[in-house]
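Enquirer: Residue numbers (this note's numbering): 176 to 495. Glycine residues also receive a C-beta, built at the ideal position from the N, C-alpha and C atoms. Please find one structure pasted underneath; my questions will follow.
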């Protein structure tokens, strides 16, 4: 309310008292692509419909601060992405304003790359929640107080044909809309958005990483085919398998997200690798043991191997 005329000041004072109620009536996720767990971001395009309650009667009288725009047009221009990854590349189509009864409807399409923290502890059986959020630059207690709520008849959807990464991810559950507030430097702004849950397609990682690793460690039990009195033969085979598994792990490193903590797949690979290393040590020690001790070690190590594989399979089965 920067104009100095008395008319403008009276208008600003009168509108400052009335809170503009806005309802989120529709949120369609038209496109999702390039979900990047390294940069923690994804690209999305969406269609949003907002209802300005009772704004039609004030459409002509509510003139905004210098540019003469009508209320709905002005509100549409106050929308900006809340979790934008690249703010400069964010695009918004020209909003469409429609009247419906005493209300005004804002319809707008927006697209851009959004930032999304992703937890990869359960990789490759992880699920990620993709959040698309927008902020309305009208303070809740400012000159033009605004409040956003989710309409009881809200419609939220994900266009199936617009979900591009379907060979790496699949939608999980329904799109959920939400509305709330955001506080910054003692000021409170209304915000709204939608969340989409996606689950990773894990077959590639199971087939190309987990299964070969289990086979490598399983082949180590052939060491016990040699007699305990022949440790060099056992050690030769054990070190051959260790080198093969180490080389394979280096080969598949680029397929695994490079994060500062161990993912589930990392734990599986390390468990099989250390089990193979233990077998090599046991092979060297058992040359002084009896056949019974050799059989006991075989049974114990076999039980550990089965537990590791069963644990990984359980994680895959219980991913939800």
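Could you pull out every residue in the same chain whose Cβ sits closer than 6 Å to the Cβ of residue 274, ignoring the five residues on either side in sequence?
Expert: For residue 274, where only same-chain residues beyond five positions count, the Cβ hits under 6 Å are 231.
Enquirer: By the three-class DSSP mapping on this structure, what secondary structure does residue 296 have?
Expert: Residue 296: coil per DSSP, three-state reduction.
Enquirer: To the nearest angstrom, how far is the alpha carbon of residue 391 from that of residue 353?
Expert: Distance between the alpha carbons of residue 391 and residue 353 is about 48 Å.
Enquirer: Where does the unbroken alpha helix (DSSP H) through residue 362 begin, and where does it stop?
Expert: That residue, residue 362, is in no alpha helix (DSSP H); its beta strand (DSSP E) goes 362–375.
Enquirer: Among 291, 452, 470, 438, which has the Cα closest to the Cα of residue 299?
Expert: Closest by alpha carbon: 438.
Enquirer: Could you pull the start and end residues of the alpha helix (DSSP H) that residue 447 belongs to?
Expert: Looking at the DSSP string, the run of the alpha helix (DSSP H) that includes residue 447 is 439–460.
Enquirer: Run through the DSSP bridge pairs and tell me what residue 259 is partnered with.
Expert: Answer is 289.
Enquirer: Please list, in chain order, all residues of the same chain as residue 410 whose beta carbon is under 7 Å from its beta carbon, the five residues on each side excluded.
Expert: If we look at residue 410 and ignore the five residues flanking it on each side, its Cβ neighbours are 455, 458, 459.
Enquirer: Is it buried or exposed for residue 287, if we count other Cβ within 10 angstroms and need 16 for buried?
Expert: Buried.
Enquirer: Where DSSP assigns a beta bridge to residue 500, which residues make up the other side?
Expert: Outside the modelled stretch of the chain, which goes from 176 to 495, sits residue 500, for which no answer is possible.
Enquirer: Can you name, in chain order, every residue of its own chain whose Cβ lies under 8 Å from the Cβ of residue 348, other than the five neighbours on each side?
Expert: If we look at residue 348 and ignore the five residues flanking it on each side, its Cβ neighbours are 372.
Enquirer: Specify whether the region 194–201 and the region 324–333 touch according to this definition: at least 3 beta carbon pairs, one from each stretch, less than 8 Å apart.
Expert: Yes: the two stretches touch, three or more of their Cβ pairs being nearer than 8 Å.
Enquirer: I think residue 376 touches residue 328, with their Cβ atoms under 8 Å apart; what is that distance to the nearest whole Å?
Expert: 34 Å between Cβ atoms; not a contact.
Enquirer: Who does residue 307 pair with in a DSSP beta bridge?
Expert: Beta-bridge pairing links residue 307 to 369.
Enquirer: What is the DSSP secondary structure of residue 352, counted as helix, strand or coil?
Expert: If DSSP states are grouped into helix, strand and coil, residue 352 belongs with the strands.
Enquirer: Tell me, which residues are paired with residue 264 by DSSP?
Expert: Answer by DSSP bridge pairing: none, since residue 264 is not bridged.
Enquirer: Can the beta-carbon of residue 202 be found less than 8 Å from the beta-carbon of residue 369?
Expert: Yes; because the gap between Cβ atoms is below 8 Å, this pair is in contact.
Enquirer: Judging by CA-CA distance, which residue of 412, 400, 484 is the nearest neighbour of residue 472?
Expert: When only C-alpha atoms are compared, the closest one is 400.
Enquirer: Determine, using beta carbons only, whether residue 489 and residue 440 come nearer to each other than 8 Å.
Expert: It is not a contact, given that the beta carbons lie outside the stated cut-off.
Enquirer: Identify every residue that forms a DSSP beta bridge with residue 216.
Expert: Partner(s): 211, 290.
Enquirer: Compare the beta carbon distance of residue 476 and residue 445 with 8 Å and say whether it is the shorter of the two.
Expert: Contact: no.
Enquirer: Please identify the residue among 478, 367, 461 whose C-alpha is closest to the C-alpha of residue 408.
Expert: Checked all of 478, 367, 461; the closest Cα to residue 408 is 461.
Enquirer: Helix, strand or coil for residue 341 per DSSP?
Expert: Coil, per DSSP.
Enquirer: Where does residue 387 fall in DSSP's three states?
Expert: Reduced to three states, the DSSP call for residue 387 is helix.
Enquirer: Check the DSSP bridge columns for residue 281 and list the partner residues they point to.
Expert: 225, 272.
Enquirer: Would you identify the three-state DSSP class for residue 331, choosing helix, strand or coil?
Expert: Residue 331: strand per DSSP, three-state reduction.
Enquirer: Do you know whose CA, among 393, 207, 227, 220, lies nearest residue 249's CA?
Expert: It is 227 whose Cα lies nearest to the Cα of residue 249.
Enquirer: In terms of alpha-carbon separation, which member of 431, 435, 448 lies closest to residue 419?
Expert: Taking only the C-alpha atoms, the option nearest residue 419 is 448.
Enquirer: Alpha carbon to alpha carbon, what distance is there between residue 259 and residue 266?
Expert: Each residue's Cα considered, the two are about 11 Å apart.
Enquirer: For the alpha helix (DSSP H) holding residue 424, just list the boundary residues, first then last.
Expert: 406–426 is the span of the alpha helix (DSSP H), which, as asked, contains residue 424.
Enquirer: Our contact map puts residue 309 next to residue 254 with C-beta atoms below 8 Å; I'd like the distance itself, whole angstroms only.
Expert: Residue 309 to residue 254, Cβ: 5 Å. Contact.
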